[in-house]
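Just below is one structure, and these are the notes that go with it.
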Amino acid sequence: MRIPDRLVDRLECVTNLRLEPGTPAPDFSLLDQDGAHVALSDLRGQKTILYFYPAAMTPGCTTQACDFRDSIASLQGAGYRVVGISRDEPSKLAQFRERDGLAFTLLSDPDHSVHAAYGVWGEKMNYGKIVEGVIRSTFVLDENGTITQALYNVKATGHVARLRKLLGIDA
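Here the sequence shown stands for residues 1 to 171, where the numbers follow the UniProt record's numbering.
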C-alpha cells in the first residue's frame, strides 16, 4: 500500500527516534505482572530480549508471546532472558502470563513513557488510517545494557523465528 504524499512527512516525524546498536538502552523502572519493580539495572549481567507489544490477550500479541514461550528453552540456553513491555496494568499482565503459560517477565508502562524513550510509541498506519499507538519492536541488549539489535515495526507472526536466526540460535 502506498502512503499518500501528504502523509509522508507526518509519518517521518513520528518515526525519527530510532535507537541504534551500540547505544545504551534507555533506563526505566516499571512494575511487573506481580507488582514488583523491575529496573533496567536489574537486567544487567545477562543478555536480554526486550520486546514491546500493543496489548495483552489480543490475537497478534498472544501469537508473539506464545512464540517466545515456545522458544524460551533455546533462548535461555543461548544466554538470553525475555522481557515483554506493554501499556497493560500488572493485573492484566498476570492474567496473560497465567492464561498462556508465559515463563518470562511482563512489564507495565501505562503512561507509555518507556515506549516513547525507545521510539516505539507514535503514529502508524493501521488498516489504512493513521493512529497513535505502539510500534511493535524488539531490542536485544548485552550484559551491560547496550543495544546490540534494534528491530522496529516487526510482525507478530514469525518474528521470534527470525530473531533466533539473526542471533544464531538453532530452531
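For each residue, glycine too, the CB sits at the ideal point set by N, CA and C.
Membership of Ser74 in the alpha helix (DSSP H) is indicated by the continuous run Pro59 to Gly77.
About 5 Å separates the Cβ atoms of Val154 and Arg136, confirming a contact at the 8 Å cut-off.
Ranked by Cα distance from Arg44, the options Thr146, Lys124, Trp121 and Phe68 are led by Thr146. Per the C-alpha coordinates, the member of Pro59, Ile72 and Lys165 positioned closest to Phe96 is Pro59. Taking all protein chains shown into account, Thr62 has 16 or more neighbouring C-beta atoms within 10 Å of its C-beta and is therefore buried.
In the structure shown, the three-state DSSP call for Asp109 is coil.
Per the DSSP secondary-structure output, Asn126 pairs in a beta bridge with Lys129.
Taking C-beta separations shorter than 6 Å and ignoring five residues to either side along the sequence, the partners of Val140 in its chain run Ile49, Thr148 and Gln149, following chain order. Contact check between the stretch 74 to 90 and the stretch 98 to 117: three or more CB pairs, one atom from each, fall below 8 Å, which counts as touching.
Residues of the same chain with a CB within less than 8 Å of the CB of Ala36, apart from the 5 flanking positions on each side, do not exist.
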